[in-house]
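Heads up, the thing below is written out as structure tokens.
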Ligand code: IPD
Ligand code: CA
Ligand code: CA
Ligand code: CA
């Protein structure tokens, strides 16, 4: 993608994110419909749906040849990453949105021929935008994020994970995860994969590990983390696949080897 077009798309995408974010903030105390999806704790609201619809409409009006992948189904069914693809999570952290009225984000990753060009993660209630363009670095609002620290060790790391990983688990050896909780400086679980990626990019946590994320959960985040020198992969070390669900490890590369050799053992 050429730089001028990327800049134009970036401008549109950020203005739509600010618009959508303001609308979500306006509805935060309203009574909105809450439904469940795969189970009683898998929530979705009419705000998730209307936000995704808003993005789909803006993108289709402005860039009719672009493709859209969105969690709530207002995008396209895609089988490959040809052309320009917007991968959108209208609200990442719906449980936080409903229960806490904070700690959720809008996440948009924009790919051209399978390469991540623009990553945007908007912490809606704090009005903070994490953004990245390929090769141009990552930003928190207008402040450039420095490259991730070279001084981090496993022992001084904060590791974010889904708390279920440390419980009896079908996908990963939970005893090794428990050891990771003990050996690292601390463990955290924020409940928004997109924010966890943004925090890795910001260097305020050093890794995020989880066993099942959809492309809209990590598409923007992997672009951000990449711009500060961090890495994102499946937990079996394979590259992530943007067309399906993945296990995910994203981290400061100083601790990748320790995490993989000592603590991540898939079942
Ligand atoms: C969820 C959040 C959560 C993660 C789940 C995701 P949603 O996204 O990112 O932190 O553990 O795997 O599905 O459903 O709130 O957009
Ligand atoms: Ca969801
Ligand atoms: Ca999500
Ligand atoms: Ca969502």
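In the working numbering, the protein residues as written are 31 to 297. The C-beta atom is built at its ideal place from N, Cα and C for all residues, glycine as well.
CB of residue i within 7 Å of CB of residue j, strictly
i	j	result
residue 258	residue 280	no
residue 299	residue 73	One cannot answer for residue 299 here, as it falls past the ends of the chain, which runs 31 to 297.
residue 136	residue 152	yes
residue 40	residue 138	no
residue 285	residue 187	yes
residue 84	residue 43	no
residue 288	residue 184	yes
residue 230	residue 260	yes
residue 214	residue 122	no
residue 296	residue 202	yes
residue 76	residue 63	yes
residue 278	residue 154	no
residue 142	residue 31	yes
residue 293	residue 206	yes
residue 282	residue 264	no
residue 27	residue 246	Coverage of the chain is limited to positions 31 through 297, which leaves residue 27 absent and any answer about it impossible.
residue 146	residue 111	no
residue 272	residue 232	no
residue 46	residue 87	no
For residue i, the first and last residue of its enclosing beta strand (DSSP E)
i	result
residue 31	First-last for residue 31: undefined, no H or E at that position.
residue 198	No beta strand (DSSP E) holds residue 198; DSSP gives it neither H nor E.
residue 276	276-281
residue 147	145-153
residue 159	158-163
residue 141	135-142
residue 190	188-191
residue 64	64-66
Opening and closing residue of the alpha helix (DSSP H) in which residue i lies
i	result
residue 79	76-92
residue 251	245-257
residue 127	124-129
residue 217	From DSSP, residue 217 is part of no alpha helix (DSSP H) but of the beta strand (DSSP E) over 216-218.
residue 213	204-213
residue 70	From DSSP, residue 70 is part of no alpha helix (DSSP H); its letter is neither H nor E.
Simplified DSSP state of residue i, which is helix, strand or coil
i	result
residue 18	Residue 18 falls outside the range modelled here, since the chain spans only 31 to 297, and no answer is possible.
residue 261	strand
residue 99	strand
residue 292	helix
residue 36	helix
residue 170	strand
residue 117	strand
residue 242	strand
residue 226	helix
residue 132	coil
residue 105	coil
residue 56	helix
residue 51	helix
residue 183	coil
Touch test, the segment 104-124 against the segment 242-251, Cβ-Cβ under 8 Å, three pairs minimum:
yes
Counting beta carbon pairs with one atom in the segment 239-247 and one in the segment 163-179, are three or more of them shorter than 8 Å?
no
Decide yes or no for the touch test of the segment 187-205 against the segment 84-99: beta carbon pairs closer than 8 Å, at least 3 of them.
no
Run the Cβ filter for me: residues under 6 Å from any heavy atom of ligand 2, listed in the order they occur in the chain.
74, 101, 124
Any residue with its C-beta under 5 Å from a non-hydrogen atom of ligand 3 counts. Can you list them all in chain order?
Taking a cut-off of 5 Å from the heavy atoms of ligand 3, the residues with a C-beta inside it are 119, 122, 247.
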